[in-house]
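Structure record follows, encoded as structure tokens.
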Amino acid sequence: SVSRGPKKHKNRSESEIICRGPDLLLKATDETSSDGEFLLRKTELTKRGEVVVLSVFWDEAAHHLVVEKANNGLFYLKEFCFENISDLVRYHHQTRVSVYKSGIKLFSWVVREEWQLYHEQINLGKKLGNGEFGEVFQGMFSVGIFTNDVEVAVKTMKGSKVTADE
Numbered sequence: 001s002v003s004r005g006p007k008k009h010k011n012r013s014e015s016e017i018i019c020r021g022p023d024l025l026l027k028a029t030d031e032t033s034s035d036g037e038f039l040l041r042k043t044e045l046t047k048r049g050e051v052v053v054l055s056v057f058w059d060e061a062a063h064h065l066v067v068e069k070a071n072n073g074l075f076y077l078k079e080f081c082f083e084n085i086s087d088l089v090r091y092h093h094q095t096r097v098s099v100y101k102s103g104i105k106l107f108s109w110v111v112r113e114e115w116q117l118y119h120e121q122i123n124l125g126k127k128l129g130n131g132e133f134g135e136v137f138q139g140m141f142s143v144g145i146f147t148n149d150v151e152v153a154v155k156t157m158k159g160s161k162v163t164a165d166e
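Numbered according to my numbering, the sequence shown terminates at residue 166, and the numbering increases by one at each position without gaps.
See the structure below:
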């Protein structure tokens, strides 16, 4: 059963904690990671559309957990529901309550590097081709509000399987 977690805190906004796209996923799976390093990212799942995934390095492996949304609009991972994803993650980070049955806990944020892009900065156009590891699209890169967009080729990678059970 899922119960409601503590009320909202005012620290990080939703957009601050969600990494858009897999740009930090490599850090979450790299050998220098330590148990409890985590990040949030948005991804597309074939059967569910866009979802938010919590990727946590634990016991020498990356675990990808889908943040679920209950019928009443609250968000949860395992046991406690919250009004927003920020509060859900903050609760598990601050209290060290496990986010999954195998005891996975959240210890430290994976910080987004300055050079890493936000998903919203790239607009995909027509598909140019595909291969074993992903697809290539024509796209536009938005550098900022005072500059012109730049035409780019964007390679998308096929992601690892993410399930609600994981």
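Each residue gets a CB set at the ideal place from its N, CA and C atoms; glycine is no exception.
Computed from a prediction, not measured in an experiment: that's the story for all the values here.
Worksheet item: Taking the alpha carbon of S142 as the point to measure from, which residue in Y118, T156, K126, V111 has its own alpha carbon closest?
Response: The residue with the shortest Cα to Cα distance from S142 is Y118.
Worksheet item: What's the call for T147, buried or exposed, on a 16-neighbour Cβ count within 10 Å?
Response: With fewer than 16 Cβ atoms within 10 Å of its Cβ, T147 is classed as exposed.
Worksheet entry | Where the beta strand (DSSP E) containing S55 begins and where it ends | 49–58 is the span of the beta strand (DSSP E), which, as asked, contains S55.
Discussion item. Less than 8 Å between the beta carbons of V168 and L65, yes or no?
Written reply: No answer is possible for residue 168: it lies beyond the span of the chain, which begins at 1 and ends at 166.
Item to complete: Report buried or exposed for E37, applying the criterion of at least 16 other Cβ atoms within 10 angstroms of its Cβ.
Response: E37 counts as buried, since no fewer than 16 other beta carbons sit within 10 angstroms of its beta carbon.
Worksheet item: If you draw a straight line from the C-alpha of R90 to the C-alpha of K78, how long is it?
Response: Computed Cα separation, rounded: 14 Å.
Worksheet item: So what's S108 in DSSP terms, helix, strand or just coil?
Response: It is a strand residue.
Worksheet item: Which residues in the same chain have their Cβ closer than 6 Å to the Cβ of L88, if we skip the five residues on either side of it in sequence?
Response: Only F75, F82 meet the Cβ criterion.
Item to complete: Would you kindly work out how many angstroms separate the C-alpha atoms of G125 and D149, rounded to a whole number?
Response: The straight-line gap from Cα to Cα measures roughly 13 Å.
Discussion item. Quick check on DSSP: helix, strand or coil for V89?
Written reply: The answer is helix: DSSP assigns V89 an H, G or I state.
Worksheet entry | Neighbourhood of N130 by C-beta distance below 8 Å, restricted to the same chain and skipping five residues each side | Closer than 8 Å at Cβ, skipping near neighbours: V136.
Item to complete: Under 8 Å by Cβ, that's how I've got G144 and N123 pegged, so tell me the actual separation to the nearest angstrom.
Response: For G144 against N123, the beta-carbon gap comes to about 14 Å, at or over 8 Å, which does not count as contact.
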